[in-house]
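Colleague:
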Amino acid sequence: MSKFQWNSAGQLRQLLNELVTWKSISLSEGEKQFPRKLYAKLQDLDYFHKNPSYLNLHEADQRRKLLTALYKHPDARQTICLISHFDTVNTEEYGSLEPLATQPEELTKVYLEQKDTFTRDIRADIESGDFLFGRGTMDMKMGLVMHMSLIEQASIEEWPINLVLLTVPDEEVNSAGMRYAIPALIDLQKQHNITYTLFLNSEPTFRHNPKDNTHYIYSGTIGKILGGALFYGKETHAGEPLSGMTSPFISSFLTREMEWNPIFQETALEETAPLPVTLQQTDLRLRYSTQTPYRSSALYNIFLLERTVEEAFALFEQTAKKAALQCNERYKQICKDNQVQPIGHVKVIAYSELLEYAKDKLGEEFIEELKKDIHYNDEYDDREKSLRITDSLMIHCQELAPAIVILFAPPFYPSVNSSGNPFVEFCVDFVEGEAKKKFQLEIKRSHFLNGICDLSYVNYQGSDTDLQVYEENTPVWGDSYELPFSSMRELNAPVLNVGPFGHDAHKRTERLHITNAFEQFPYLIRQLILQISQKEDN
Numbered sequence: 295m296s297k298f299q300w301n302s303a304g305q306l307r308q309l310l311n312e313l314v315t316w317k318s319i320s321l322s323e324g325e326k327q328f329p330r331k332l333y334a335k336l337q338d339l340d341y342f343h344k345n346p347s348y349l350n351l352h353e354a355d356q357r358r359k360l361l362t363a364l365y366k367h368p369d370a371r372q373t374i375c376l377i378s379h380f381d382t383v384n385t386e387e388y389g390s391l392e393p394l395a396t397q398p399e400e401l402t403k404v405y406l407e408q409k410d411t412f413t414r415d416i417r418a419d420i421e422s423g424d425f426l427f428g429r430g431t432m433d434m435k436m437g438l439v440m441h442m443s444l445i446e447q448a449s450i451e452e453w454p455i456n457l458v459l460l461t462v463p464d465e466e467v468n469s470a471g472m473r474y475a476i477p478a479l480i481d482l483q484k485q486h487n488i489t490y491t492l493f494l495n496s497e498p499t500f501r502h503n504p505k506d507n508t509h510y511i512y513s514g515t516i517g518k519i520l521g522g523a524l525f526y527g528k529e530t531h532a533g534e535p536l537s538g539m540t541s542p543f544i545s546s547f548l549t550r551e552m553e554w555n556p557i558f559q560e561t562a563l564e565e566t567a568p569l570p571v572t573l574q575q576t577d578l579r580l581r582y583s584t585q586t587p588y589r590s591s592a593l594y595n596i597f598l599l600e601r602t603v604e605e606a607f608a609l610f611e612q613t614a615k616k617a618a619l620q621c622n623e624r625y626k627q628i629c630k631d632n633q634v635q636p637i638g639h640v641k642v643i644a645y646s647e648l649l650e651y652a653k654d655k656l657g658e659e660f661i662e663e664l665k666k667d668i669h670y671n672d673e674y675d676d677r678e679k680s681l682r683i684t685d686s687l688m689i690h691c692q693e694l695a696p697a698i699v700i701l702f703a704p705p706f707y708p709s710v711n712s713s714g715n716p717f718v719e720f721c722v723d724f725v726e727g728e729a730k731k732k733f734q735l736e737i738k739r740s741h742f743l744n745g746i747c748d749l750s751y752v753n754y755q756g757s758d759t760d761l762q763v764y765e766e767n768t769p770v771w772g773d774s775y776e777l778p779f780s781s782m783r784e785l786n787a788p789v790l791n792v793g794p795f796g797h798d799a800h801k802r803t804e805r806l807h808i809t810n811a812f813e814q815f816p817y818l819i820r821q822l823i824l825q826i827s828q829k830e831d832n
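Numbering follows our numbering, with no gaps: position 247 of the sequence shown is 541.
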């Protein structure tokens, strides 16, 4: 009988099925319970019977926890940190099959019976028998399964390297789990005198386009910043529309300029970031009224490759000023056509400028109380709080209207890239070569994982000016949202993502390639770590 619990293809598949049944949707009770169940599962390993202090749960926010499991070789200092997240997105899109969304084997069988209801490409994957369907199979419980297997193998075979398994909640919403993990990783490093050599994530391969079937490994991850805007017009009765200016009128110009604007689309290392899009646009009034809407907001998704926060904010401001100019020209013409006097012209104000103006007018103590009132509302998330704080300041500074106030809203994901690092290049070459030699599998390196990723919070290389621009223009900074930039700099080892092949993360057709996940990927990542363990400390 094998001494391994999680080693063969069948054992790995069984473990994945079990972890997927532990439903762990972000911000749910299941997400809170998942790490406790995982802790109990890892306790079954003999290694943690002998070294119970190496397995720990750590506090995150909202009564959630993250987990670390350390395998430590007595003669090794170099350490690979294996990063994963255990939360998933919701399962509503499965409709009547939602109860099977976290039962991969059953869902896959039902999909075969209902194959004719799917598109041709998905039907072909169902009929092939090559894929396992279900929420979390691909994104990203298979990565966690593989990391558990590596810890087990290393502890039994006594690999001459240290491994830290880190798995966190909340990657899919605010990445609070990874933000809380940073001090835990630093404490582990100091407590056990280990040196992080590599931060190795196992997010799955993501397509670059709908027809892309390339298996990628990633030597970096894309960055994301959320540009926010408050549009503040002048109220009036709907029967006298030209006595005021509606915020939707103002916002239409900026949204048109932001949506799919190529000036925000970076190209670096021959890879191009997605275009910006509007993620939210809303009226800040809580009820319908014949008073015209004069306060509304929008959030714009902006991806970063090599561009700094300072540069991104400058582009955002430039775009807002262009939109304001167009808005003012159109408004002047309307006033001229209707022979009325304009009420003013739309200006662009950075949040940092608005805050300084409000402090001079109202005093810092008043501003702090205003912020506390908004933070006290548990129904608001950090994005809503950011916009509501800005709105409250403008309500007390209406002489600045009409205006577009630009700001940042959480979360912020710094881009990270280790391409060109000799150690990472060695790892990439090894995985590509081993895949071709062993499986005739073509693997291609991508310089940026094209989805948000917890690797954003290690190896931070931004400037102090960048930090200042972000902090000054993020209304909730220091109250309900922070990034430990200095600690992120301490975790300065290179990054790499090697994960399983699958399709359609966050869709009801999320699926994992069976042969790749349970045979090819485990072999490749095992061989990579064994190869690293034979190298001298990096």
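Just so it is clear, CB atoms sit at the ideal spot from N, CA and C, and this is done for glycine as well. Please read these numbers as outputs of a predicted model, since none were measured by experiment.
1. Please state the DSSP three-state secondary structure of ARG820.
2. Check whether the Cβ of PRO794 lies closer than 8 Å to any Cβ atom in chain C.
3. Where does VAL792 land, buried or exposed, given buried means 16+ other C-beta within 10 angstroms?
4. Is the beta carbon of SER320 sitting closer than 8 Å to the one on ASP464?
5. Is PHE742 near the ligand NAD, judged by its Cβ being under 7 Å from some heavy atom?
6. Identify which residue in GLU728, VAL462, THR684 has its Cα closest to the Cα of ALA523.
7. What residue from PRO708, LEU563, ILE689 has the CA that sits closest to SER590's CA?
8. CB LEU376 to CB PRO398, shorter than 8 Å?
9. Give the range of the alpha helix (DSSP H) segment to which GLN483 is assigned.
10. Could you give the DSSP three-state label for PHE706: helix, strand or coil?
11. Hey, out of ILE661, GLN408, HIS639, whose CA is closest to LEU648's CA?
12. Helix, strand or coil: how does DSSP classify LEU599 here?
13. How many Å lie between PRO498 and ILE746 at the Cα?
14. Which residues in the same chain have their Cβ closer than 8 Å to the Cβ of GLU387, if we skip the five residues on either side of it in sequence?
15. What does a CB cutoff of less than 7 Å around ASN832 pick up in its chain, not counting 5 residues either side in sequence?
16. List the residues that DSSP assigns as beta-bridge partners of ASP577.
17. Around the Cβ of GLN447, are there at least 16 other Cβ atoms within 10 angstroms (buried) or fewer (exposed)?
18. Which residue from VAL699, ALA303, GLN559 puts its Cα closest to that of ALA617?
19. Give the DSSP-derived three-state secondary structure of GLN734 in the structure shown.
20. Report all residues from its chain with a CB closer than 8 Å to the CB of HIS352; omit the five preceding and five following residues, and keep chain order.
21. What would DSSP say about GLN620, mapped onto helix, strand or coil?
22. Out of PRO556, LYS528, PHE558, which one is the CA nearest neighbour of ILE544?
23. For GLN559, I'd like the list of residues in its chain whose CB is within less than 7 Å of its CB, leaving aside the five on either flank, ordered along the chain.
24. Around the Cβ of THR402, are there at least 16 other Cβ atoms within 10 angstroms (buried) or fewer (exposed)?
25. With distances taken from CA atoms, which of LYS666, LEU687, SER537 is nearest GLN633?
26. So who's on the other strand from ALA363, going by DSSP bridges?
27. For a minimum of 4 consecutive residues, which ranges assigned as the alpha helix (DSSP H) are wholly contained in the stretch 379 to 447?
28. Which partner residues of TYR775 appear in the DSSP bridge assignment?
29. DSSP on HIS807, reduced to helix/strand/coil?
30. With a threshold of 16 other CB atoms inside 10 Å of the CB of LYS829, please say whether the residue is buried or exposed.
31. If you measure between the beta carbons of LYS435 and LEU313, is that distance less than 8 Å?
Modeller: This is what the structure holds:
1. On the sequence shown, residue 820 is found 526 positions in, with the first residue counted as 1. Reduced to three states, the DSSP call for ARG820 is helix.
2. The structure shown contains no chain C; it is built from a single protein chain.
3. Here residue 792 is taken as the residue at index 498 of the sequence shown, counted from 1. So VAL792 ends up on the buried side.
4. Mapped onto the sequence shown, residue 320 falls at position 26. Mapped onto the sequence shown, residue 464 falls at position 170. Against a cut-off of 8 Å, the Cβ pair of ASP464 and SER320 comes out as a contact.
5. With respect to small molecules bound, the structure shown includes none, and the ligand NAD cannot be examined in it.
6. Translated into the one-based positions of the sequence shown, residue 523 becomes position 229. Nearest C-alpha to ALA523: THR684.
7. Working through the sequence shown from its first residue, we reach residue 590 at position 296. It is ILE689 whose Cα lies nearest to the Cα of SER590.
8. For the purposes of this step, residue 376 is taken as residue 82 along the sequence shown, with counting starting at 1. For the purposes of this step, residue 398 is taken as residue 104 along the sequence shown, with counting starting at 1. No.
9. The residue given as residue 483 occupies position 189 in the sequence shown. First-last of the alpha helix (DSSP H) with GLN483: 470 to 486.
10. On the sequence shown, position 412 is the one that residue 706 refers to. Strand at PHE706.
11. Translated into the one-based positions of the sequence shown, residue 648 becomes position 354. Closest by alpha carbon: ILE661.
12. Here the question's residue 599 lines up with position 305 in the sequence shown. Here LEU599 sits in coil by DSSP.
13. The residue labelled residue 498 in the question sits at position 204 within the sequence shown. The residue labelled residue 746 in the question sits at position 452 within the sequence shown. Their Cα atoms are separated by approximately 12 Å.
14. The residue labelled residue 387 in the question sits at position 93 within the sequence shown. Excluding residues within five positions, the ones whose Cβ falls inside 8 Å are LYS801, ARG802.
15. On the sequence shown, position 538 is the one that residue 832 refers to. Because ASN832 sits at a pLDDT of 48, beneath the cut-off of 50, its placement in the model cannot be relied upon, and the following sentence gives the value as read from the coordinates. The residues are GLN372, THR491, PHE717.
16. On the sequence shown, position 283 is the one that residue 577 refers to. The partner list for ASP577 (beta bridge, DSSP) reads SER590.
17. Taking the sequence shown and counting its residues from 1, one reaches residue 447 at position 153. Buried: at least 16 other Cβ atoms inside 10 Å.
18. Start at 1 with the first residue of the sequence shown, and residue 617 comes out as number 323. When only C-alpha atoms are compared, the closest one is VAL699.
19. Within the sequence shown, numbered from 1, the residue matching residue 734 stands at position 440. DSSP places GLN734 in coil when its eight states are reduced to three.
20. Indexing the sequence shown from 1 puts residue 352 at position 58. The residues are LYS359, LEU360, LEU361, THR362, TYR474, ALA475, ALA478.
21. Counting from one through the sequence shown, the residue named residue 620 turns up at place 326. In this structure, GLN620 counts as helix in the three-state DSSP scheme.
22. On the sequence shown, residue 544 is found 250 positions in, with the first residue counted as 1. Per the Cα distances, LYS528.
23. By one-based count along the sequence shown, residue 559 stands at place 265. Closer than 7 Å at Cβ, skipping near neighbours: THR566, ALA567, LEU569.
24. The residue you call residue 402 lines up with position 108 of the sequence shown. So THR402 counts as buried.
25. As a working mapping, residue 633 is identified with position 339 in the sequence shown. Checked all of LYS666, LEU687, SER537; the closest Cα to GLN633 is SER537.
26. Residue 363 sits at position 69 when you count from the first residue of the sequence shown. According to DSSP, which records beta bridges pairwise, ALA363 is partnered with LEU349, LEU459.
27. 398 to 407, 414 to 422
28. Working through the sequence shown from its first residue, we reach residue 775 at position 481. TYR775 is bridged to TRP771.
29. To locate residue 807, count along the sequence shown from 1; it is residue 513. DSSP places HIS807 in strand when its eight states are reduced to three.
30. In the sequence shown, counting from the first residue as 1, residue 829 sits at position 535. Exposed: under 16 other Cβ atoms inside 10 Å.
31. For the purposes of this step, residue 435 is identified with residue 141 of the sequence shown, where counting begins at 1. For the purposes of this step, residue 313 is identified with residue 19 of the sequence shown, where counting begins at 1. For LYS435 and LEU313, yes; Cβs fall inside 8 Å.
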